[in-house]
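See structure below.
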Amino acid sequence: MLLPAFALLLAGPARGETPPTCEVRLEVATPGFTTPPRLRASTTWLGEARTLSLTDHGADPRDRPGDQVWFGAWTGAAVRALPVRLELEADGRPRAVIYEGTERIEGCEDRLAWEVVEEGGRLHALRVARPLVGEVGPLRRDAVQTLAAAAWALLVLNFAGWLWWGRRREAA
Amino acid sequence: MRRPGWPRLATPAALALVAAAWTWPAARAGGGTGVGRHFDLPGTAWLLGSAHRWLWTLADPATGFPEGARYGRPDSFLAASLGALLTGLDPLRLHGLLQVVGVALSAWAAEALARALGARAPWSLLAGLAFACSGPAATALIEGHAYLVLDPWLPLCLLGLVRATAPGARPAHGLLAGLGFAGTLATSAYLGLSAAALGAAVVGAALLARRRGPTWPVGPLALAVATCLATGGAWLAAFARAGGPAALGGGYDAASRARYLVERSADLAGLLGSSPEVDRFGHAAAAVAPLTALALAALAPVVLRGGPADPGRAARRGLAAGGLALFVLALGPYLDLGPAWLPLPGLALAALPEVDLLRHPARLLWGAWLAAGVLGAVVATRLAAARPRAAWLLLPMALVDAFLVCGMPARQRTTPLATPGAYAGLDGPVLDLRPDAPGHAYELDAWLQAWACAAQLGHGQPIADDCVTTLQADNPAVARSRRVIDALLRGQPEQARAALQADGYAAVSLPPDLLLPGDRARLAAALGALDPQPRRSTDAGLALWLYRVGP
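Taken in order, these protein sequences are the chains called A and B. Position in the first sequence (from 1) plus 1265 gives the number in this note's numbering. Position in the second sequence (from 1) plus 11 gives the number in this note's numbering.
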């Protein structure tokens, strides 16, 4: 037991590797506007001010065109947290800040998602925990996962029952 | 007992391999990279790296500076002791090694308990996998509480009790039980409670069986009980000295407490898997079940019924009863059935203010899954007698539970935690200024506190943060940062400097990216009047400006 631990200890941590280029994806779901909205995100990434126009035309293979989910991505060195500001201009309304917040960034690839809602005649973006895009939606994914695990549990139970049945037959 | 042909070293070797794979990339942690996803990762790394300073006095002059911080209730005395013993080792490296070695040793101890209760190798491995590679362990690793997976103590405590309540009992068995119990308490109160519940059930069942079956000397059991009571009493006394339940900041009514406990309890869907959203926020509290062991344990009443009397029977019954009780308690005040919430015994417990001590009922599943694993391993051993080849499939099935259903190591992440370069050359206490979100901003507050503490591992200078408290109101750095930022934003940098110098601070740090642009400019201008040439860094995943404010 101690030998593998010793080996790991002597091997030391991973060093000398090229720092990876990390990516933070932004996904903003909007209601249907009569004219396509213009969405802009801004941040300061390790001291560097950046802006990004979000799009929904499918230029990135991960974006499904025309699904009202506006997509964009920032890349750079690993970062622990980012301030994010979203601005929206739509249907003749003046450009307005719809979200400001500080986001903890998880690992080297992260996705941040919002949903634009209208309350009291004012548009603002709610930060949502569930990813908004992908082939399988999160609700469906969770349901599939739970059903698969339940099916697996039943299979295991049946297998154990089959083993028990064999034991009973042998005893008889 | 071992299966003929199963080499003696195969069990620890297999468990070590599984542990390294299941905790990956913990084996490569260190050098500024931690393995874990939540703010308890830097906090635990700080605990490991700083314990040599405060463990013996429970007071640390280098945190909560200048008053110093008292750590009467650290997350784990065991982790602190290990950190103090291994001073000099990179704390992030130690944090990673704890994960690998902890999972392996815990699994091995559970496997030994299963063998003591009638399982044979390799089926006894099911107990190790169920205990050390299921939901509670994954949650601990993702949270960053690596010391929680170093828990051979719970199985060893029960092993001591099983031996101490059987013919041939010796005082050493009683001592083993007591030491195991002390180990669980030193690791976590939840593990201590699991040990107390399972231990009481095992002893109760053994005493009942003693009235009808073979007797055994009571001396070793008396020694075990005395050791456990003394250890538990000492722990409670230490806890009371540290403020008791009132120090936890509870104080709400029973209904509020019940609502609070609901989201920290196990739920039926969580037993079948985790989701990325659960992993990302809060405490990654998906208590995924070891399904193979659980299915086998469910057959225990029929498979283990009848047959020749064996010495492990009473202990197994006790273990089953204790495990079931812990499972029900882990479900919290209500069983969430979607449209209906079924009241559970935990609801009655929520009326007690002392339940503030048990904020995470789901952590009681450590004991429940150990019981399920041990019973499952014994059942598998019996079933394998009839279909030995087919029964081998149970082992890969348990691996499917650990790696696919539980989802490790795919759910795990690495986190950059090197000390930012701006701290280089720092030669005195530093106050880490922080943005101050109105309302509830627990997650970011906790991260800012944890980053300041983790950075201290690199720069080694006193800081203002209390590195153990989870209540921002109790963290002196928050109020101190507010006062300094207030003076700076009011355009009175000299007043800020005077306050900092009066407290003995040599520098302040500022995370510019995390501030509103206007505040960033105002603070930079005010601090620039104190130090026109701040040190700036953007390494280690954090932009940081360091201003010297000393004379």
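Every residue gets a Cβ at the ideal spot worked out from N, C-alpha and C, and that includes glycine.
### Where the beta strand (DSSP E) through residue 354 of chain B begins and ends
Residues 352–354.
### Query
Under the three-state reduction of DSSP, which class applies to residue 250 of chain B: helix, strand or coil?
helix
### Supposed contact pair residue 437 of chain B and residue 472 of chain B - C-beta distance, whole angstroms, cut 8 angstroms
5 angstroms
### Task
Please report the Cβ distance between residue 375 of chain B and residue 341 of chain B, rounded to the nearest whole angstrom; I am assuming they are in contact, meaning their Cβ atoms lie under 8 angstroms.
4 angstroms
### Query
Is it buried or exposed for residue 1362 of chain A, if we count other Cβ within 10 angstroms and need 16 for buried?
exposed
#### Entry: Close beta carbons around residue 537 of chain B, own chain, < 6 angstroms, minus the five adjacent residues each side
499, 504
### Closer than 8 angstroms at the beta carbon, the chain B residues around residue 1437 of chain A
Within chain B, no residue comes near residue 1437 of chain A; the closest Cβ sits about 11 angstroms away, beyond 8 angstroms.
#### Entry: Inside the stretch 168–204 of chain B only - alpha helix (DSSP H) runs reaching at least 4 residues
182–198
### Reference residue 168 of chain B, options B/326, B/252, B/99, B/54, closest by Cα
Minimum Cα-Cα distance from residue 168 of chain B among the listed residues B/326, B/252, B/99, B/54 corresponds to B/326.
### Task
With a threshold of 16 other CB atoms inside 10 Å of the CB of residue 68 of chain B, please say whether the residue is buried or exposed.
exposed
### Query
From which residue to which residue does the alpha helix (DSSP H) around residue 339 of chain B run?
For residue 339 of chain B, the enclosing alpha helix (DSSP H) has its first and last residue at 324–341.
### Query
By how many angstroms is the C-alpha of residue 1317 of chain A removed from the C-alpha of residue 1339 of chain A?
8 angstroms
### Query
Around the Cβ of residue 195 of chain B, are there at least 16 other Cβ atoms within 10 angstroms (buried) or fewer (exposed)?
buried
### Message
Quick check on residue 114 of chain B: does DSSP put it in helix, strand or coil?
### Response
In the displayed model, residue 114 of chain B falls within a helix according to three-state DSSP.
### Message
Would residue 1371 of chain A pass as an interface residue toward chain B - the criterion being a Cβ-Cβ separation below 8 angstroms?
### Response
yes
### Query
From what residue to what residue does the beta strand (DSSP E) around residue 19 of chain B run?
Here residue 19 of chain B belongs to no beta strand (DSSP E), and DSSP marks it neither H nor E.
### Message
Within the continuous beta strand (DSSP E) that includes residue 347 of chain B, where are the two ends?
### Response
It spans 345–347 - the beta strand (DSSP E) in which residue 347 of chain B sits, taken as one unbroken run.
### Message
Alpha carbons only, please: which of B/429, B/479, B/522, B/541 is nearest the one belonging to residue 61 of chain B?
### Response
B/479
### Query
Quick one: what does DSSP say residue 158 of chain B is sitting in, helix, strand or coil?
In the displayed model, residue 158 of chain B falls within a helix according to three-state DSSP.
### Task
Hey, could you find the ends of the beta strand (DSSP E) residue 505 of chain B is sitting in?
Unbroken run through residue 505 of chain B is the alpha helix (DSSP H), 504–514; no beta strand (DSSP E).
### Message
DSSP has residue 44 of chain B in a bridge; who is on the other side?
### Response
B/41, B/427
### Task
For the stretch 1335–1363 of chain A, list the beta strand (DSSP E) runs that are entirely contained and at least 3 residues long, ordered along the chain.
1346–1354
### Message
Output needed in chain order: residues of the stretch 1333–1354 of chain A with a Cβ under 8 angstroms from some Cβ in chain B.
### Response
If the cut-off is 8 angstroms between Cβ atoms, the stretch 1333–1354 of chain A has 1342, 1343, 1344, 1345, 1346, 1347, 1348 near chain B.
### Where residue 1291 of chain A sits in the DSSP three-state scheme
Looking at residue 1291 of chain A - three-state DSSP - the assignment turns out to be strand.
### Task
Give the interface partners of residue 1421 of chain A over in chain B, defined as CB-CB distance under 7 angstroms, in chain order.
302, 303, 306, 408
### Task
Flag this pair as yes or no: are the beta carbons of residue 520 of chain B and residue 456 of chain B separated by less than 8 angstroms?
no
### Cβ pair residue 127 of chain B, residue 170 of chain B closer than 8 angstroms
yes
### Task
With a 10 Å radius around its C-beta and 16 neighbouring C-beta atoms as the bar for buried, classify residue 44 of chain B as buried or exposed.
Answer is buried; the Cβ neighbour count reaches 16.
### Message
Just verifying my parser: in three-state terms, what is the DSSP assignment at residue 92 of chain B?
### Response
helix
### Given residue 71 of chain B as reference, the closest of B/543, B/474, B/271, B/30 once Cα atoms are compared
B/474
### Query
If you measure from the beta carbon of residue 65 of chain B to each beta carbon in chain A, is any gap under 8 angstroms?
no
### Message
By DSSP's criteria, residue 520 of chain B is part of a beta bridge. Which residues make up the other side?
### Response
B/443, B/557
#### Entry: CA nearest to the CA of residue 36 of chain B, picked from B/391, B/432, B/153
Nearest C-alpha to residue 36 of chain B: B/153.
### Task
Could you tell me the distance, in whole angstroms, from the CA atom of residue 559 of chain B to the CA atom of residue 513 of chain B?
14 angstroms
### Query
With respect to the beta strand (DSSP E) encompassing residue 1382 of chain A, which residues constitute its N-terminal and C-terminal limits?
1374–1384
### Straight-line Cα distance separating residue 151 of chain B from residue 40 of chain B
16 angstroms
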